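Visitor: Quick note: the sequence shown uses full-length UniProt numbering, first residue 1, plus one each step. Idealized CB from N, CA, C, for every residue including glycine. Treat the numbers as computed from the prediction; the structure is a model and nothing was measured.
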Amino acid sequence: MAPLLTTQKAYINAKGKGKRKADDIDIDDDDVQQPKQKRNKQRVLLLSSRGITHRMRHLMNDLETLLPHVKKDSKLDSKSQLHLLPEIADLNNCNNTLYFEARRHEDLYMWATKTPNGPSIKLHVQNVHTMDELKMTGNCLKGSRGIVSFDKAFDETEWGKLTKEVFTHIFGVPPLARKAKPFIDHVLTFSILDNKIWFRNFQIMEKDPLQPNGPPQTSLVEIGPRFVLTPIRIFEGAFGGATVYSNPEFVTPASVRSAVRHARGDKYRQRKEAQEETSKRKVLRKRDEDALAVSKVFA
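1. Give the range of the beta strand (DSSP E) segment to which residue 112 is assigned.
2. Restricting to Cα atoms, I'd like to know which of 89, 78, 297, 156 is closest to residue 101.
3. How about the stretch 222-233 and the stretch 137-155: do they share at least three Cβ pairs that are nearer than 8 Å?
4. Determine, using beta carbons only, whether residue 98 and residue 52 come nearer to each other than 8 Å.
5. In this structure, does DSSP put residue 127 in helix, strand or coil?
6. Can you find at least 3 beta carbon pairs, one from the stretch 40-50 and one from the stretch 67-75, that sit closer than 8 Å?
7. For residue 297, is the classification buried or exposed, using 16 other Cβ atoms within 10 angstroms of its Cβ as the cut-off for buried?
8. In whole angstroms, what is the alpha-carbon distance linking residue 124 and residue 211?
9. Return the first residue and the last residue of the alpha helix (DSSP H) that residue 205 is part of.
10. Can you give the Cα-Cα distance for residue 289 and residue 281, rounded to whole angstroms?
11. Of the residues 230, 163, 241, which one's Cα is nearest the Cα of residue 248?
12. Taking all protein chains shown into account, do 16 or more other C-beta atoms lie within 10 angstroms of the C-beta of residue 86, making it buried, or fewer, making it exposed?
13. Is the separation between the beta-carbon of residue 315 and that of residue 257 shorter than 8 Å?
14. Provide the residue(s) that pair with residue 177 in DSSP beta bridges, ordered along the chain.
15. Would residue 192 and residue 151 qualify as a contact pair, given that the criterion is a beta-carbon distance under 8 Å?
16. Just how far apart, CA to CA, sit residue 233 and residue 273?
17. With DSSP as the reference, identify every bridge partner of residue 186, one or two as the case may be.
18. Nearest to residue 108 by CA position, among 278, 184, 253, 244, is which residue?
19. In the DSSP output, what is residue 211 paired with across the bridge?
20. Just the Cα atoms here: how many angstroms apart are residue 145 and residue 260?
21. Under 8 Å, do residue 190 and residue 197 count as touching if we go by C-beta distance?
22. How many angstroms separate the CA atom of residue 268 from the CA atom of residue 284?
23. With H, G and I counted as helix, E and B as strand and the rest as coil, what does DSSP make of residue 166?
24. For residue 225, does the three-state DSSP call read helix, strand or coil?
25. Which residue comes first and which comes last in the beta strand (DSSP E) that contains residue 98?
26. CA-CA distance, residue 103 and residue 49?
27. Since residue 119 contacts residue 244 with CB under 8 Å, what's their CB separation in whole angstroms?
28. Do residue 55 and residue 128 have their C-beta atoms closer together than 8 Å?
29. For residue 113 versus residue 93, is the C-beta distance shorter than 8 Å?
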């Protein structure tokens, strides 16, 4: 209705005709189209590769419980066809992807990606403890939104700022998510220590459990899960592309296991060399038998 009245006003002003002036025409404020507010439409696709262990699977279930805007998909058959993940995210109407990649010896890697154009962050997941393992006393309602808190160390480096931005889109639950509840009762914290990202989840307690009828007292109680992320590389595109950041301090788990095997091999070799040296010394210290030796007298 408002565009029609506006057109009529412009026509009357141009022609100068009509029984009423153009300024006398009233336009209701309700008919005027207000500019639409930008909505937070973040959706996350959560999936993994084949070969994950039970602990990894339970960790994914915990993340799905904490993030109501997550959509879980079936496992990806091939680990070498990561270029298919942006297409899968597009089919599921998701603009973020959390992909857990399992390797040999229970090594777990996580990809945090903005689809379809990137960037992508590859991280090594360590020290995983799920909610069932921790058995904390705290609890939060399923579907509730959480406050995402970052350490100030994220703003000190370029890779930290980029990681903070990507994690904000992935772990920040939109207020109008389909499964989200309209209240906040827990805090998701990300802290940097020893160039590693430490994840913790705390429940917001409004009252002291020991004094339920006492004055309100806000406190935090950890409820899990918890894990540690080591950044490996940051790529410009989705699951590939030019390398934006590479962690020079990261050592692959395979290299660590190889160093342990070499250390065990060196220890075994040193022990064998010591035994040979002892045998040689015994041979050199052995004396020749004289005429009064027991073996010759009683021969």
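Guide: Reading from the atomic positions:
1. 108-114
2. 78
3. yes
4. no
5. strand
6. yes
7. exposed
8. 42 Å
9. Residue 205 -> not in any alpha helix (DSSP H); beta strand (DSSP E) instead, spanning 196-205.
10. 18 Å
11. 230
12. buried
13. Examination of residue 315 is not possible in this model, given that the chain is present from 1 through 299 alone.
14. Its beta-bridge partners do not exist; DSSP assigns none.
15. yes
16. 43 Å
17. 146, 203
18. 253
19. 208
20. 44 Å
21. yes
22. 25 Å
23. helix
24. coil
25. 96-102
26. 9 Å
27. 6 Å
28. yes
29. no
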